[in-house]
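K.L.:
Numbering (the working numbering), first residue to last: 868 to 963.
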């Protein structure tokens, strides 16, 4: 997992995924994050992105990003290649 502490000045991380809430994947993702830094403030945008829809995943943060403080990290996950060797995409806006 990325070092979210290095990216999140305010220690706020907003998760969204295509995991749904019936399985333990969301809990596992949050467990990894607090294992890196237990002082992170974790929030959920949604976990109901249509499965593997990598086009919709980045659209949802765009709808709410202006409501969050500067420095908030958004972690959208829609992964059609779970368990494969793939690259992650991280970006930082000009406004933080």
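Backbone N, C-alpha and C define an ideal beta-carbon position, used for all residues, glycine too.
1. Kindly list the residues whose CB is nearer than 7 Å to the CB of residue 906, restricted to its own chain and excluding five residues on each side of it in sequence; keep chain order.
2. Closest to residue 889 by CA distance: which of 901, 914, 955, 946 is it?
3. Just to confirm the assignment, what range does the alpha helix (DSSP H) spanning residue 894 have?
4. Would residue 885 pass as a contact of residue 932 if the rule is Cβ separation under 9 Å?
5. Work out the CA separation of residue 944 and residue 919 for me, nearest whole Å.
P.N.:
Taking the geometry as given:
1. The sequence position of residue 906 within the chain shown is 39, counting from 1. Cβ neighbours of residue 906 beyond the five flanking positions: 878.
2. What you label residue 889 is simply residue 22 of the chain shown in a count that begins at 1. Closest in C-alpha terms to residue 889, from the list 901, 914, 955, 946, comes 914.
3. Working through the chain shown from its first residue, we reach residue 894 at position 27. Unbroken alpha helix (DSSP H) run through residue 894: 892–903.
4. The sequence position of residue 885 within the chain shown is 18, counting from 1. The sequence position of residue 932 within the chain shown is 65, counting from 1. Not in contact: residue 885 and residue 932 (Cβ atoms no closer than 9 Å).
5. Taking the chain shown and counting its residues from 1, the one referred to as residue 919 is at position 52. Taking the chain shown and counting its residues from 1, the one referred to as residue 944 is at position 77. Residue 919 and residue 944: Cα-Cα distance of roughly 9 Å.
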